[in-house]
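>
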Amino acid sequence: MAQEAVDIAIVGAGFAGLTAARELVKAGRSVVVLEARDRVGGRVENHYLDDGTALDVGGQWTGPGQDRIIALGAEMGVESFPTYGAGATHIEYSPGGRITYKGPIPDNDPQALGELVQAIMALDQMSAEVPLDAPWTAPKAREWDALTLQTWMDTNVTSEAAKARLALAVEAVYAVEPQDLSLLHMLFYARSGNGLMTLVSTEGGAQQDRFDGGAQLVAIRVAEELGERMRLSSPVRRIAQDGSGVKVEADGTSVRAQRAIVTAPPALAGRIAYEPAMPALRDQLTQRSPMGCVIKVHVVYETPFWREEGLSGRVVSDDGPVKITFDNTPKSGSPGVLLTFIEGADWRRYAGCSPDERRKAVLERLSLYFGPKAANPVTYVERDWPAEEWSRGCYGAVFPAGTWVACGSAIREPVGRIHWAGTETATVNCGYIDGAVRSGERVAEEVLEALQQ
Ligand SMILES: Cc1cc2nc3c(=O)[nH]c(=O)nc-3n(C[C@H](O)[C@H](O)[C@H](O)COP(=O)(O)OP(=O)(O)OC[C@H]3O[C@@H](n4cnc5c(N)ncnc54)[C@H](O)[C@@H]3O)c2cc1C
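Each step along the sequence shown adds one to the number in my numbering, with nothing skipped, and position 169 is 232.
Next comes the structure, spelled out in structure tokens:
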């Protein structure tokens, strides 16, 4: 087995690990990045069509306030462009039929819309009381962490239509249903991303822009810079530490270092064997941090035919498995690409179907929304994230009731020579690529300071 010695061993080559490595190298430190997969990018991945078009099968969008990923993209020479559909007509579909609308939210049912906006404003107001660096210290932390979002909705939102729309927004942002989510976590995450309204919005919100050539291109370029410091196909199985350093053991290689940084999401970080064993609170945290559930689906057509009818390609629907769609056509305008997500309960229902059954169900829904042309794509590409061995879900960890108050304080607390990063540890834009980049920057500073002691 190969053995090497560096200052810092980094586990994971997603945006957190790559950023940490880059910052530490800039500071003159030696690093090795150990990545389980045979590629970099983690939850951000390009799938290339035969003509070279990159489809973002993982994370893709950036928006206002996501300054660190925007800066990194610019440094790596990857351009951004706006998500298609500003000013165009969107579709809302329900068992009652198909209607079209403009603007951020369907407005055919003013009463439901009013209640929805009120609920979002109330949640955003509550979230202002949650300290981003320590949600468990919020004045009402115990009360809010004891409730699920569903319980709050049952008490505070009266119309079924408003509840259904709020549930849809929550599924789209958190990839779980309201009963899976601590109210405190929901509030923390919303504040971390500058409010629920920002998180559900496209123009002016978290879905505003895309990277030309796919978001993974940014990660690929950072990894190219890091060059021989990258070790792909090297899943880390065990990390041992003592007074003199850490030993990080991966398949086929072992690294001695002064410090280790683990960037895998908590659920996966908890599957590494540690010696000595993790403190109980840290282990409790990793036991209580499930990931959301999403299959991301791209349906590719020769042209974005819906644009000819003035349609944005965006749908909101009460009925699965296709409840949300976007136009994910590349910047060049060809081929035409519709994007959808199968999330939460729909994921549980459809992940067990055969790929053919799933495809049939998706195309049937798209035909209801966009007409018969939607039934005949040239290509269909899907990625089931909970099935991915080295992610086990997305978009990020979703804390159920009780996690923050019971063991949230362990989220970034170093354990001896082991430090934690990854989007789940971010205070700003937690769950997003930007949060991952910020966590990489924060942990690099933390490690540099520790090395000076
Ligand atoms: C379908 C989907 C859509 C999304 N949409 C968006 C979006 O539009 N905008 C946005 O900002 N965010 C989005 N996200 C979330 C975003 O992708 C993540 O927040 C971000 O990429 C997380 O980066 P990270 O470095 O923290 O973690 P990861 O990307 O998960 O990186 C961790 C790395 O560690 C590796 N690893 C795990 N265990 C081990 C081990 N034992 N040994 C070695 N390596 C290991 C993994 O393979 C992985 O490469 C989306 C995610 C998905 C999956």
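Here a beta-carbon is modelled for each residue, glycine too, at the ideal position from N, C-alpha and C. Since the model is a prediction, treat every value here as computed from it, not as a measurement.
Do you know offhand how far residue 202's Cα is from residue 468's?
The straight-line gap from Cα to Cα measures roughly 12 Å.
> When you compare only the Cα positions, how much space is there between residue 437 and residue 110?
The straight-line gap from Cα to Cα measures roughly 21 Å.
> My parser needs the beta strand (DSSP E) runs of 3 or more residues fully inside the segment 114-196; what are they?
Fully enclosed beta strand (DSSP E) runs of 3 or longer: 117-119, 143-145, 152-157, 160-164.
> Check this for me: beta carbons of residue 502 and residue 479, under 8 Å apart or not?
Cβ distance not < 8 Å, so residue 502 and residue 479 don't count as in contact.
> So is the beta-carbon of residue 98 under 7 Å away from any non-hydrogen atom of ligand 1?
Indeed, a heavy atom of ligand 1 lies less than 7 Å from the Cβ.
> List the whole-angstrom C-beta distance separating residue 330 from residue 455, where the pair is believed to meet the contact cut-off of C-beta under 8 Å.
Going by Cβ atoms, the distance from residue 330 to residue 455 rounds to 6 Å, so yes, they are a contact pair.
> Pair every Cβ in the segment 275-282 with every Cβ in the segment 221-233, then say whether three or more of these pairs are closer than 8 Å.
No, they do not touch.
> What are the boundary residues of the alpha helix (DSSP H) that residue 207 is part of?
Element bounds for residue 207: 204-208.
> Within 10 angstroms of the Cβ of residue 397, are there 16 or more other Cβ atoms? Answer buried if so, exposed if not.
Flag for residue 397 reads exposed.
> Could you check how far apart the C-beta atoms of residue 336 and residue 300 are, in whole angstroms? I think they sit under 8 Å.
That belief holds up - the Cβ atoms of residue 336 and residue 300 are roughly 6 Å apart, short of 8 Å.
> May I ask you to list the residues that DSSP assigns as paired with residue 482?
Paired residue(s): 324.
> When the Cβ atoms of the segment 302-316 are set against those of the segment 67-76, are three or more pairs found closer than 8 Å?
Because the criterion of three Cβ pairs below 8 Å is met, the segment 302-316 and the segment 67-76 touch.
> Residue 466: which of 194, 394, 65, 350 sits nearest, CA to CA?
Here the closest residue by C-alpha is 350.
> Using a C-beta cutoff of 8 Å, does residue 294 count as contacting chain C?
Looking for chain C here will not work: only one protein chain is present.
> Give me, in chain order, the residues of the same chain whose beta-carbon lies closer than 7 Å to that of residue 298; leave out the 5 immediate sequence neighbours on both sides.
Counting only Cβ-Cβ distances below 7 Å, and skipping sequence neighbours, we find 99, 313, 314.
> Could you name each continuous alpha helix (DSSP H) segment of 4 residues or more that falls completely within the segment 368-433, going from the start of the chain to the end?
Taking only runs of at least 4 residues, the alpha helix (DSSP H) segments lying wholly in the segment 368-433 are 407-413, 418-433.
> Looking at the secondary structure, which residues open and close the beta strand (DSSP E) in which residue 512 lies?
It is not in any beta strand (DSSP E) - residue 512 instead sits in the alpha helix (DSSP H) that spans 496-515.
> Please state the DSSP three-state secondary structure of residue 112.
Three-state result, residue 112: coil.
> Residue range of the beta strand (DSSP E) that residue 221 falls in?
Note, residue 221: premise wrong, no beta strand (DSSP E); not H, not E.
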